[in-house]
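In what follows, a structure is listed as structure tokens, so that the remarks can point back to it.
There are 2 protein chains.
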Amino acid sequence: MLTTFSKNETQNMTIAIKLALQGRYGVKSNPMVGCVIVKHSKIIAKGYHESFGQAHGEINALQQINYKAHGATLYVTLEPCSHQGKTPSCAQAIINSGVKKVIIAMLDPNPLVNGKGVVMLKYAGIEVKIGLLKNDASILNQGFIKRMQTNQPFIRCKVAMSIDGKTSMSSGESKWITSKVARLDVQKLRANHQAIITGSGTIINDNPLMTVRLDGVNSKPLRVVIDSKNQITDTSLNIFNTDAPTLILNPDNTKVLASGKLDLSNVLTQLGNQGINNVLLEAGPKLIGAMIKINLIDEFIIYMAPILMGSDANSILNLVIKDMSYKIKLDIVDVRMVGDNIKITATLK
Amino acid sequence: MLTTFSKNETQNMTIAIKLALQGRYGVKSNPMVGCVIVKHSKIIAKGYHESFGQAHGEINALQQINYKAHGATLYVTLEPCSHQGKTPSCAQAIINSGVKKVIIAMLDPNPLVNGKGVVMLKYAGIEVKIGLLKNDASILNQGFIKRMQTNQPFIRCKVAMSIDGKTSMSSGESKWITSKVARLDVQKLRANHQAIITGSGTIINDNPLMTVRLDGVNSKPLRVVIDSKNQITDTSLNIFNTDAPTLILNPDNTKVLASGKLDLSNVLTQLGNQGINNVLLEAGPKLIGAMIKINLIDEFIIYMAPILMGSDANSILNLVIKDMSYKIKLDIVDVRMVGDNIKITATLK
Numbered sequence: 608m609l610t611t612f613s614k615n616e617t618q619n620m621t622i623a624i625k626l627a628l629q630g631r632y633g634v635k636s637n638p639m640v641g642c643v644i645v646k647h648s649k650i651i652a653k654g655y656h657e658s659f660g661q662a663h664g665e666i667n668a669l670q671q672i673n674y675k676a677h678g679a680t681l682y683v684t685l686e687p688c689s690h691q692g693k694t695p696s697c698a699q700a701i702i703n704s705g706v707k708k709v710i711i712a713m714l715d716p717n718p719l720v721n722g723k724g725v726v727m728l729k730y731a732g733i734e735v736k737i738g739l740l741k742n743d744a745s746i747l748n749q750g751f752i753k754r755m756q757t758n759q760p761f762i763r764c765k766v767a768m769s770i771d772g773k774t775s776m777s778s779g780e781s782k783w784i785t786s787k788v789a790r791l792d793v794q795k796l797r798a799n800h801q802a803i804i805t806g807s808g809t810i811i812n813d814n815p816l817m818t819v820r821l822d823g824v825n826s827k828p829l830r831v832v833i834d835s836k837n838q839i840t841d842t843s844l845n846i847f848n849t850d851a852p853t854l855i856l857n858p859d860n861t862k863v864l865a866s867g868k869l870d871l872s873n874v875l876t877q878l879g880n881q882g883i884n885n886v887l888l889e890a891g892p893k894l895i896g897a898m899i900k901i902n903l904i905d906e907f908i909i910y911m912a913p914i915l916m917g918s919d920a921n922s923i924l925n926l927v928i929k930d931m932s933y934k935i936k937l938d939i940v941d942v943r944m945v946g947d948n949i950k951i952t953a954t955l956k
Numbered sequence: 608m609l610t611t612f613s614k615n616e617t618q619n620m621t622i623a624i625k626l627a628l629q630g631r632y633g634v635k636s637n638p639m640v641g642c643v644i645v646k647h648s649k650i651i652a653k654g655y656h657e658s659f660g661q662a663h664g665e666i667n668a669l670q671q672i673n674y675k676a677h678g679a680t681l682y683v684t685l686e687p688c689s690h691q692g693k694t695p696s697c698a699q700a701i702i703n704s705g706v707k708k709v710i711i712a713m714l715d716p717n718p719l720v721n722g723k724g725v726v727m728l729k730y731a732g733i734e735v736k737i738g739l740l741k742n743d744a745s746i747l748n749q750g751f752i753k754r755m756q757t758n759q760p761f762i763r764c765k766v767a768m769s770i771d772g773k774t775s776m777s778s779g780e781s782k783w784i785t786s787k788v789a790r791l792d793v794q795k796l797r798a799n800h801q802a803i804i805t806g807s808g809t810i811i812n813d814n815p816l817m818t819v820r821l822d823g824v825n826s827k828p829l830r831v832v833i834d835s836k837n838q839i840t841d842t843s844l845n846i847f848n849t850d851a852p853t854l855i856l857n858p859d860n861t862k863v864l865a866s867g868k869l870d871l872s873n874v875l876t877q878l879g880n881q882g883i884n885n886v887l888l889e890a891g892p893k894l895i896g897a898m899i900k901i902n903l904i905d906e907f908i909i910y911m912a913p914i915l916m917g918s919d920a921n922s923i924l925n926l927v928i929k930d931m932s933y934k935i936k937l938d939i940v941d942v943r944m945v946g947d948n949i950k951i952t953a954t955l956k
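Residue numbers (the numbering used here), protein chains in the order written: chain P, 608 to 956; chain C, 608 to 956.
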């Protein structure tokens, strides 16, 4: 039977999703979760998972009302956990509080856990409804969901290019292709990722900081460099400053090799095993081409500057496609202006 | 003193502009012109210039009320003509009709005529207001205005490309990069131009029809082929069918040569001299590159398909730009989805 939801229920879940988002810089390996408790049509408590290792969203909400929620309805963006981890089981805390009804946006994506929290709640006689704003709740935790299902993080590839698809001049010159507003947007994008991957070429040529520089935002994504040829030796490079952690993956320190080169898929699994849910790929044409070739990219964020750079400039990806039948198909998810740049969000079809 | 206009006046001019647009397939070398006559706050007549050589918009409106418009206000999108041409002077007809007030969106762009119609009207004691919705009225006749001022048509360059800025595979394969909906949009675009320019390479490789194929639309743009090397000899090519006129420009039949090659700027002046207001450039990377290099393109219409074609494919323009300081700057005028394609309208900065 199709579960239906009222306008009121949808409004409350929307609030829970907005709350969840507030945890975006803190939850790290964990999912973002928001929770709203409603009694007699009034919100009596709100909470979200704020920080890795700290209380879950449901507990933060229940605490506000001293764990007393007799007859209330609890809205939560992700299925409450059934197991005691770093904190007590949320399902148990909900049961103990006297909540009468629980509305859940989506089940736990971990196939080993999926549905167990719901079983606990139902067994305790609580009415449970599932699936309200499921899509929005999934987008919230794209990375966490993918990692739970595949052990690999969600890979978002950021590209700054001209209208004719170029990222640098033949000389290598590439600074300030995009506008100041677009570059600020990239800073926000970085802040929402746990790691940023690039290749040794970018590090050697551009010596980037690869950090988040946004007032009031404390996000320090891991800087990951793919260094297949052991080229990163100069410790005065900006990536070795103390602003954020850095991981250089080279044949010497890495077991993830395939035919003498770094096995990119394995690199991602390694990052997934470290609890990294989402990665921003900010790389040159070679690494982007290699990642696309083995289908490792989930989403592209393209900043397109209103310029033409000409036929001698370098394209966004090094990847030979001989025949139109092998073209790579994308789905355009969003197109908007960011200053005078066009920002395109697209997923691989 | 700044002329101000009321909401009512703006509404009437908006109607006149919409009327003008109805002439888009018929006016050819002439401007599109719409006219509305208002008396006691009611529209008593409407007209537009329908067809080259036929009555102007003002005359078509006046005819409806037997040229009797005593005390009325006449709205017209372009300054009424002062000279007797193929038809009687519109300014004189307006004066004779008894109109009390004339509101004009913009003056005649021809510097030799500009303002003369207004002088006639004012001399006859008619109140004249100028500049209402001038921008909209200018966009209506971009091509006519440019030709009046420079003797050259307005050049709109249409490009169909992948997200990575490619228009064909290295093999030359290029069919169906864009979607069916985008291709229908191109048909509408073609219909709004008096000529379509391409290069001999496109003709030889793709053997295109270069015609408008739209139900109910009778528009037959002149097919112009730039054939610098006298390569178009096969008369069984589609461009030689009788569906539309064709003009092959080669060193044999053309005086517009510079250092042995066709002088593109001169080609455009030749087309302007033939009364062509607007040209759609649908060409390969070479001709587009050559046109950009000497700054001949006014506007780009880019259909971007949600695909990646890879680094071996051909870019949209052959033009070497060595240094970022020489990059070509554009202004994005409009971005919208056409089916699953992104349509970008941009002008040269």
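Cβ atoms here follow ideal geometry from the backbone N, Cα and C, with glycine treated the same way.
These numbers come from a predicted model, not from an experiment.
For Tyr730/C, there is no enclosing beta strand (DSSP E); the enclosing alpha helix (DSSP H) has its first and last residue at Lys723 to Tyr730. Between Ser835/C and Leu875/C, the gap from beta carbon to beta carbon reaches 9 Å or more.
In chain order, Ile928 make up the part of chain C whose C-beta sits under 8 Å from the C-beta of Ala920/P. Distance from the CA atom of Ile737/C to the CA atom of Val709/C, rounded to whole angstroms, is 8 Å. Residue contact with chain P for Glu686/C: absent (no Cβ-Cβ distance below 9 Å to any residue of chain P). Contact of Ile644/P with chain C by beta-carbon distance below 9 Å is absent, the smallest such distance being about 41 Å.
Restricting attention to Gln699/C, Met713/C, Ile784/C and Gly732/C, the CA atom closest to the CA of Ile752/C is found in Met713/C. Secondary structure of Asp870/P (DSSP, three-state): coil. Within a 10 Å sphere around the beta-carbon of Leu926/C sit 16 or more other beta-carbons, which makes this residue buried. Only residues of its own chain outside the window of five on either side were considered, and among them Met755 have a CB closer than 6 Å to the CB of Asn717/C, listed in chain order. Inter-residue distance for Leu628/P and Val831/C is about 57 Å (C-alpha atoms, whole angstroms).
Here Gly678/C is exposed. Its C-beta has fewer than 16 other C-beta atoms within 10 Å. When the five nearest sequence neighbours on each side are left out, the beta carbons in the same chain lying within less than 8 Å of the beta carbon of Val942/P are those of Ile949, Lys950, Ile951 and Thr952, in order along the chain. The CB of Ile939/P comes closer than 8 Å to the CB of Pro913, Met944, Asp947 and Ile949 in chain C, given here in chain order. Chain P places no beta carbon closer than 9 Å to that of Gly823/C, leaving this residue out of the contacts. The bridge partners DSSP lists for Gly654/P are Cys642/P.
For Lys934/C, the nearest beta carbon of chain P is closer than 9 Å to its own beta carbon.
Taking the C-beta atoms as reference points, Thr818/C is found nearer than 9 Å to Ala851/C. By the Cβ neighbour-count rule, Ile901/C is exposed, with fewer than 16 other Cβ atoms within 10 Å of its own. Residues of chain P with a Cβ closer than 7 Å to the Cβ of Asp771/C are, in chain order, Gly772, Ser922, Ile923 and Leu924. In the three-state reduction of the DSSP assignment, Leu628/P falls in the helix class, which pools H, G and I.
DSSP places Ile804/C in the uninterrupted beta strand (DSSP E) bounded by Ala802 to Gly806. With a threshold of 9 Å between beta carbons, Ile762/C makes no contact with chain P.
The shortest CA-to-CA distance from Leu791/C to any of Arg820/C, Ala920/C, Ile651/C and Leu728/C is the one to Arg820/C. Ranked by Cα distance from Met727/C, the options Ser696/C, Gln877/C, Asn812/C and Asp743/C are led by Ser696/C. When secondary structure is reduced to three states using DSSP, Ser636/P falls in the coil class, being assigned neither helix nor strand.
Judged by DSSP in its simplified three-state form, Ile737/P adopts strand. Between Gly732/C and Gln801/C, the alpha-carbon positions lie close to 39 Å from each other. At a beta-carbon threshold of 8 Å, the residues of chain P lying near Ala953/C are Ile770 and Pro913, ordered along the chain.
Rounded to whole angstroms, Thr684/C and Ile711/C show a C-alpha spacing of 6 Å. Nearest CB-CB separation between Gly891/P and chain C: not below the 9 Å threshold. Residues of chain P whose Cβ lies closer than 8 Å to the Cβ of Ile909/C are, in chain order, Ile770.
Only residues of its own chain outside the window of five on either side were considered, and among them Ser689 have a CB closer than 7 Å to the CB of Lys723/P, listed in chain order. Cα atoms of Gly946/P and Tyr655/C: separation of roughly 39 Å, rounded to the nearest angstrom. Annotated three-state conformation of Glu616/C is helix, per DSSP. Contact of Met755/C with chain P by beta-carbon distance below 8 Å is absent, the smallest such distance being about 28 Å.
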